[in-house]
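Reviewing the structure listed below.
Residue numbers (this note's numbering): 6 to 210.
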């Protein structure tokens with residue numbers, strides 16, 4: 006009789022301990038599941054956080070695109086400025102080479118004025134040999150100037166042009182001669198396509 010009571014007591018004890026063991030197993034499994042996932046339920050990313058992160062990425066991309074566009078604009082501007090500088094420098098070099106002799110030739114021209122005066126006086130001279138000699142020098146000097154790109158500005162009888170002529174006097178003239186050059190006081194000259202010296206003229210009015 007005692008043996009049966011003892012077995013009964015053990016059965017009751019096992020039944021009472023079983024739920025506790027089951028609870029411990031369940032908790033152990035949940036802990037291991039959480040550890041394996043590495044994320045606790047309260048730490049899981051929410052939809053708002055994901056959206057916020059996406060907005061930040063979009064904003065960063067737009068900022069980079071704007072920066073790239075700004076850099077491209079600066080590059081285009083710098084490239085255009087450099088090209089303009091290169092063209093301007095090349096043009097200046099060409100003009101410098103083209104008109105390098107301008108200073109010298111402008112100082113030579115007054116000699117032509119003296120020759121012009123001498124030629125006028127020779128017309129009343131009786132010495133043929135002097136006329137021929139001066140005329141020869143005059144022709145050679147004129148040819149020298151032409152070879153160096155200097156040529157006379159046509160003035161007498163032409164319309165007065167402020168880009169070519171300098172009016173030193175005005176005289177009464179007939180209708181067809183109004184606004185025209187009546188006389189040339191001092192000849193003007195081109196150096197190729199540039200005015201080396203303006204013609205000093207008398208204009209009809």
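Backbone N, C-alpha and C define an ideal beta-carbon position, used for all residues, glycine too.
Values in this document were obtained by computation on a predicted structure and should not be read as measured data.
Below 6 angstroms CB to CB, which residues in the same chain sit around residue i once its five sequence neighbours on both sides are set aside?
i: residue 127; result: 136 and 139
i: residue 45; result: Confidence is the limiting factor: at residue 45 the pLDDT is only 48, short of 50, which leaves the residue's position unreliable and the question unanswerable from this model.
i: residue 73; result: none
i: residue 171; result: 203 and 205
i: residue 154; result: 196 and 197
i: residue 120; result: 143
Would you mind giving the Cβ-Cβ distance between residue i and residue j, rounded to the nearest angstrom? I have them listed as a contact below 8 angstroms.
i: residue 163; j: residue 185; result: 7 angstroms
i: residue 117; j: residue 87; result: Not really, about 45 angstroms apart at Cβ, beyond 8 angstroms.
i: residue 187; j: residue 167; result: No, residue 187 and residue 167 are not in contact; Cβ-Cβ is about 16 angstroms, not under 8 angstroms.
Could you check which residue in the options has the C-alpha nearest to that of residue i?
i: residue 152; options: 96, 106 and 115; result: 106
i: residue 114; options: 208, 173, 201 and 133; result: 201
Among residues of its own chain, excluding the 5 on either side of residue i, which ones have a beta-carbon nearer than 7 angstroms to its beta-carbon?
i: residue 104; result: 196 and 199
i: residue 96; result: none
i: residue 123; result: 139
i: residue 169; result: 158, 193, 200, 203 and 204
Residues in the same chain with beta-carbon distance under 8 angstroms from residue i, minus the five sequence neighbours each way, listed in chain order, please.
i: residue 149; result: none
i: residue 165; result: 172, 184, 185, 186, 206 and 208
Q. In the region 130-204, which residue ranges form an unbroken beta strand (DSSP E) of at least 3 residues, counting only runs that do not cross its ends?
A. 155-157, 170-176, 186-191, 194-196 and 199-202
Q.
So, does the region 172-182 touch the region 136-146, judging by three or more C-beta pairs under 8 angstroms?
A. no
Q: Please determine if the region 186-206 and the region 157-168 are in contact, where contact requires at least 3 C-beta pairs separated by less than 8 angstroms.
A: yes
Q. Are the region 110-120 and the region 194-203 in contact at 8 angstroms, needing three or more beta carbon pairs?
A. yes
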